[in-house]
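Student: Numbering (the working numbering), first residue to last: 488 to 645.
A single structure is presented below for examination.
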């Protein structure tokens, strides 16, 4: 096995670096990016210093991969690139965007379960028992079920 490692040449590292960079394009996570860059650096070092031992090649590759990855993470956090924008925090979470919306019960809430229609979708709801036609407000989510509370009728002010 070690004989195989001792036969590593610069083009092995060059190939590995290119493969890792292609993987980064297919699955962007910046992990493969820094491993690919490290493999390309080892390739250049192996080309410049052909007598570089395989142990040194692997140490340089592993060390550079770790250092560059964690340096990138630290730098990107300091730039605020990891912060989630509140505007997009409910992206692809349709039910989370429904909190605060009001609707009328199309089925009475019996034993804590009923149905409402919001836009073009019927939703299963949970809450305190109410009659059909009661206006409710969505206050939370439990799986695919909306949690609702009855809306107190507005008193007329003269």
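Note that the Cβ used here is the ideal one computed from N, Cα and C, for glycine as well.
In this text, all values refer to a predicted model and were calculated from it rather than measured experimentally.
1) Quick one: grab the DSSP three-state call for residue 634.
2) With distances taken between CB atoms, is the gap from residue 552 to residue 512 smaller than 9 angstroms?
3) Look up residue 564 in the DSSP assignment and say whether it is helix, strand or coil.
4) Using only alpha-carbon positions, find the residue among 615, 630, 632 and 629 that is nearest to residue 638.
5) Can you tell which of 496, 524 and 494 has the C-alpha that lies nearest to the C-alpha of residue 504?
6) Please report the straight-line C-alpha distance between residue 587 and residue 507, rounded to a whole angstrom.
Tutor: Let me lay it out:
1) Residue state, collapsed to three classes: strand.
2) Between residue 552 and residue 512, the gap from beta carbon to beta carbon reaches 9 angstroms or more.
3) Three-state result, residue 564: helix.
4) For residue 638, the closest C-alpha among the options 615, 630, 632 and 629 is that of 615.
5) It is 524.
6) Cα to Cα, the separation comes out at about 46 angstroms.
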